[in-house]
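Residue numbers (full-length UniProt numbering), protein chains in the order written: chain A, 1 to 156; chain B, 1 to 156.
Glycine residues also receive a C-beta, built at the ideal position from the N, C-alpha and C atoms.
On a predicted model such as this, the values are computed, not experimentally measured, just so you know.
Take a look at the structure set out below.
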DNA sequence: TGTATTTATGTAGTTAACTACGTAGTTTTA
DNA sequence: TAAAACTACGTAGTTAACTACATAAATACA
C-alpha cells in the first residue's frame with residue numbers, strides 16, 4: 001500500500017476494502033482451480049444457501065445472501081448453465097420460480113467440502129491478527145445497521 | 001446480514017468486504033452532495049496524491065494510489081473533464097504525461113477539507129470498535145504481502 | 001550504431017456488483 | 001368485484017475496478 005493512501009488513511013477505506021476483497025476472491029479462484037474444481041467464489045453464497053435450506057425462490061435466495069435480485073438472477077443463470085441447480089414454477093404462486101441443487105450440484109459440494117475446510121484454515125491464519133478482521137467487519141456491520149456513515153456525519 | 005452467510009462465515013468474507021466498501025462509498029457520495037460539493041469518493045486518492053506531491057506522471061499516480069494504470073487513466077480523464085486537473089508532456093521524457101491540479105482543483109480541496117475532517121470523525125466513530133477495522137486491514141495487508149491466501153492454502 | 005528490451009501510456013473488452021424500469025401474478029380495498 | 005397496490009421476476013444499462021494487448025519513446029547491448 002502506498003504512502004499517500006496510508007497518510008490519508010481512513011478516507012480511502014472503501015478503496016482498501018474493495019482491493020482486499022478482490023485479492024481474496026482471485027486467490028479463491030486459483031485455489032478451486034488448483035484442486036481441479038470448476039467453481040467460482042461468487043457462486044458460494046447461492047450454492048451454500050441452497051445446500052442448507054433446500055428449495056428457495058429467487059427473492060428468498062437474494063434476501064438470504066444479501067444481494068439484489070438482479071445480481072442473484074445472473075448468478076442463478078450461470079449456475080443453471082453449469083447444471084448445478086435447476087428451477088421449476090411454484091404451483092401455489094405462479095410468479096415464483098423455485099430453485100434447488102441438481103445431483104451434479106450435490107456431488108460438487110461433497111467434493112468441495114474438504115477444500116472449504118482448507119480455505120477456512122488458510123483464511124483464519126491470514127485474518128487472525130491482533131485486530132481480527134472478521135470480528136471487526138461484524139462489529140461495523142452491526143453499527144451501520146443502527147446508524148450509517150451518512151447519518152453519523154450529518155449528526156456530528 | 002443473513003443467516004446463511006453468517007453461518008458460512010469466513011468463506012464469504014470477500015462478499016462482505018465488497019458490500020461494506022460499497023455502502024461506505026455510496027454514503028460518501030451522499031455526504032459530498034449534502035455539502036453541495038460535486039465530488040466522487042473514487043476521485044479522492046488521485047486528488048489527494050496530487051495535492052500532496054504536486055506534479056506526477058500517470059504511472060507515478062497509479063503506483064501511489066495502488067491502482068492499475070488503466071483504472072488510473074480513466075479517473076484522470078474524469079478529473080480533466082471536471083477541469084480539476086490538467087496535463088502536459090514531460091520535456092525530458094516524451095512518453096510521460098505530467099498531471100497537476102488546476103486552480104479550480106486547489107479551490108475545491110480547500111472547500112472539501114472541513115468536510116474531510118467531519119468524514120474522518122464520522123468514520124472513526126463507526127470503525128472504532130473492539131476490533132478496529134482500519135488496523136485489522138493494515139495488519140491483513142501486511143500479512144498478505146508476505147504470503148497471500150493462495151500460498152497459505154497451498155502450504156497447509 | 002542498429003537492434004532488442006524495457007517503460008509509459010493508451011485502448012478494448014471483461015467482471016461482478018448495482019439501479020431503473022417493465023410485466024405478470026397476487027392481494028387488498030373501495 | 002373491479003381497480004389499485006404490491007410482490008416476484010426479468011431485462012437493460014451503468015459503474016468501477018480489472019486483464020490483455022498495442023504503440024511509441026527511451027535505454028541497454030552486441
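When C-beta distances to chain A are compared with 7 Å, the residues of the stretch 38-52 of chain B below that value are 41, 44, 45, 48, 49, 52, in chain order. Secondary structure note for residue 88 of chain A: its beta strand (DSSP E) is the uninterrupted segment 85-89. Under the Cβ criterion of 8 Å, residue 25 of chain B is counted among the residues facing chain A. Proximity of residue 112 of chain A to chain B, defined by a Cβ-Cβ separation below 8 Å, is not satisfied. Beta-bridge annotation (DSSP): residue 100 of chain A is paired with A/86. A residue is called buried once 16 or more other Cβ atoms fall within 10 Å of its Cβ, and residue 130 of chain B, having fewer, is exposed.
Interface annotation, residue 78 of chain A: not in contact with chain B, CB-CB separation never under 8 Å. Our two residues, residue 18 of chain B and residue 41 of chain B, have alpha carbons roughly 15 Å apart in a direct line.
Collapsing the DSSP output to three states places residue 56 of chain B in a strand. Between the alpha carbons of residue 24 of chain A and residue 99 of chain B lies a gap of roughly 32 Å. Per DSSP, the continuous alpha helix (DSSP H) segment holding residue 32 of chain B begins and ends at 13-34. For residue 15 of chain B, at least one C-beta of chain A is nearer than 8 Å to its own C-beta. Identification of residues in the stretch 57-91 of chain B having a C-beta nearer than 9 Å to some C-beta of chain A yields 63, 64, 65, 66, 67, given in sequence order.
Taking C-beta atoms as the reference points, residue 122 of chain B and residue 152 of chain A count as a pair closer than 8 Å. The criterion of a C-beta distance shorter than 8 Å is satisfied by residue 141 of chain A and residue 20 of chain B. The Cβ-Cβ distance between residue 97 of chain B and residue 57 of chain B falls below 8 Å. Using a C-beta cut-off of 8 Å, the stretch 35-49 of chain A makes contact with the stretch 107-121 of chain A, since at least three inter-stretch Cβ pairs fall below that distance. Listed along the chain, the chain A residues whose CB falls inside 9 Å of the CB of residue 133 of chain B are 13, 17, 131, 133, 136, 137, 139, 140.
From the beta-carbon of residue 99 of chain A, no residue of chain B is found nearer than 9 Å; the closest lies around 14 Å away. Following the DSSP letters along the chain, one finds residue 70 of chain B inside the alpha helix (DSSP H) bounded by residues 69-81.
Going by beta carbons, residue 48 of chain B and residue 8 of chain A fall inside the 8 Å limit.
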